[in-house]
């Protein structure tokens, strides 16, 4: 009986230990976090807003999440903690993750034993380092310009340019070496948002993503953005649109095409637009008889109708005008315009042949196209 009791005790201890070693979807260690504090597992909804999908309570500096979703591919999730600022980005699949959460700096938390999470952490460190160095260069250049030290300003600009080039090359290399991970669209999206690369290069990189990654939410958003950009890129057929003119009539783009046509997005409240208007007026007066037409699209707001009409007269813009008085509304979105002035130069077939030509550049292009007409 004595040996039987010892055996049963040993078995109970073993079972207890096995229970402690139970593997969850996410096993977390949270040093210094008090019992009862909550850790939240978050996702992004279709509008890019953070939503809580699960909650765990910290006990004895540990927490866990059990699987509640079957993932077909790697996806992004965020961990947040009561009393701590920010979040910790993690990449999850169907295999378990071990996490060490740092309450004083969630950003510096760690995922143990995950190649893609480690690659993401390394990239984020490099990105933070580049951002810090950029701020130093920006401040140094500003100080040099204030003191009229143009030599130093030029030197700092050169260093800053090189740092940007190095970071961009590093980021692209990270994408290409992780093109089967959701890291790839994450980083590509950041490069696009920061305007480090253009749509053409982005499409080239996107096309190398594997099929599963292309199905991720972030990759699909990038694809949609690139398609929109490509629809108004040089060589594309300018999308048809129509709008209301100052006299209340309806004007379509196709109705006003000349040998060369300028679509000019502007607004009466836009200072840079108003300063550019005399240059556009001069170009129109010089080349209109040779086949140069303009259709200006105003992004004035609903309460700006009077200002729009007055600006046309004041700036002597004697050509076709339309507006829906909807600010950066449907017409701006159709042409992927998020800042003005923005212009698109079309040939007689409505094909985009140049974009955002200003000042003498516009005159040079028109001379090239119409000078001998």
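Residue numbers (the working numbering): 925 to 1297.
Yeah, the Cβ is synthetic: ideal placement off N, Cα and C, and Gly gets one too.
Where does residue 1110 sit, in a helix, a strand or coil, going by DSSP?
-> Note: residue 1110 maps to helix in three-state DSSP.
If we ignore side chains and look at the alpha-carbon of each, how far apart do residue 1191 and residue 1148 end up?
-> Their backbone Cα atoms lie some 27 angstroms apart in a straight line.
Exposed or buried, which one is residue 974 when buried takes at least 16 other CB atoms within 10 Å?
-> For residue 974, the number of other beta carbons within 10 angstroms of its own is below 16, and it is reported as exposed.
Tell me whether the beta-carbon of residue 1087 lies closer than 8 angstroms to the beta-carbon of residue 1077.
-> In this structure, residue 1087 keeps its C-beta atom at 8 angstroms or more from the C-beta atom of residue 1077.
Identify, in the order they occur along the chain, each residue of the same chain with its Cβ nearer than 8 angstroms to the Cβ of residue 1044, setting aside the five sequence neighbours on each side.
-> Answer for residue 1044: 1013, 1015, 1107 and 1110, listed in chain order.
Environment of residue 884 [buried if 16+ CB atoms lie within 10 Å] = The structure shown does not extend to residue 884, since the chain is modelled only from 925 to 1297, so the question has no answer here.
Can you tell me which of the three DSSP states residue 889 falls into?
-> Absent from the model: residue 889. The displayed extent of the chain is 925 to 1297, so no value can be given.
When 1008, 1017 and 1033 are compared against residue 1329, the one with the closest alpha-carbon = The requested residue 1329 is not part of the displayed model; the chain covers only 925 to 1297.
Among all the DSSP beta bridges, which residues are the ones paired with residue 1117?
-> According to DSSP, residue 1117 bridges with nothing at all.
Should residue 1224 and residue 1247 be called a contact, given that it needs their Cβ atoms to be closer than 8 angstroms?
-> The Cβ atoms of residue 1224 and residue 1247 lie closer than 8 angstroms to each other.
Check whether residue 1208 and residue 1243 have beta carbons under 8 angstroms apart = Taking 8 angstroms as the Cβ cut-off, residue 1208 and residue 1243 qualify as a contacting pair.
Does the region 1136-1153 touch the region 1169-1181, meaning 3 or more C-beta pairs lie closer than 8 angstroms?
-> Cβ pair count under 8 angstroms is below three, so no.
Taking 8 angstroms as the cut-off, decide whether the C-beta atoms of residue 962 and residue 990 are in contact.
-> The answer is no: Cβ separation not under 8 angstroms.
Nonlocal neighbours in the same chain, by C-beta distance under 8 angstroms from residue 1194, ignoring five residues either side = Contacts found: 1223, 1264 and 1265.
To which residues of the same chain is residue 1123 closer than 6 angstroms at the C-beta, ignoring the five residues directly before and after it?
-> For residue 1123, same chain residues with a beta-carbon under 6 angstroms away, outside a window of 5 residues either side, are 1150 and 1153 in chain order.
Cα-Cα separation, residue 986 to residue 1085 = The straight-line gap from Cα to Cα measures roughly 45 angstroms.
For residue 1162, does the three-state DSSP call read helix, strand or coil?
-> Looking at residue 1162 - three-state DSSP - the assignment turns out to be coil, as it is neither helix nor strand.
Determine the DSSP secondary structure at residue 1132, reduced to helix, strand or coil.
-> If DSSP states are grouped into helix, strand and coil, residue 1132 belongs with coil.
N-terminal and C-terminal residue of the alpha helix (DSSP H) that residue 1063 is part of = Unbroken alpha helix (DSSP H) run through residue 1063: 1039-1070.
Fully enclosed by the region 1072-1110, which alpha helix (DSSP H) runs are 4 residues long or longer?
-> Fully enclosed alpha helix (DSSP H) runs of no fewer than 4 residues occupy 1074-1100 of the region 1072-1110, in order along the chain.
Excluding five sequence neighbours on each side, which residues of the same chain lie with their C-beta closer than 7 angstroms to the C-beta of residue 1289?
-> Closer than 7 angstroms at the Cβ level, and outside the excluded window around residue 1289, lie 1269, 1278 and 1281.
Measure the alpha-carbon distance for residue 1051 versus residue 1092 and round it to whole angstroms.
-> If you take the alpha carbons of residue 1051 and residue 1092, they lie about 10 angstroms apart.
Through-space distance from residue 1274 to residue 1213, alpha-carbon basis | Approximately 19 angstroms between the Cα atoms of the pair.
With DSSP run on the structure shown, which of helix, strand or coil describes residue 1245?
-> Correct three-state label for residue 1245: strand.
Could you pull the start and end residues of the beta strand (DSSP E) that residue 952 belongs to?
-> For residue 952, the enclosing beta strand (DSSP E) starts and ends at 950-953.
Starting from residue 1205, follow the beta strand (DSSP E) in both directions and report where the run begins and ends.
-> That residue, residue 1205, is in no beta strand (DSSP E); its alpha helix (DSSP H) goes 1195-1211.
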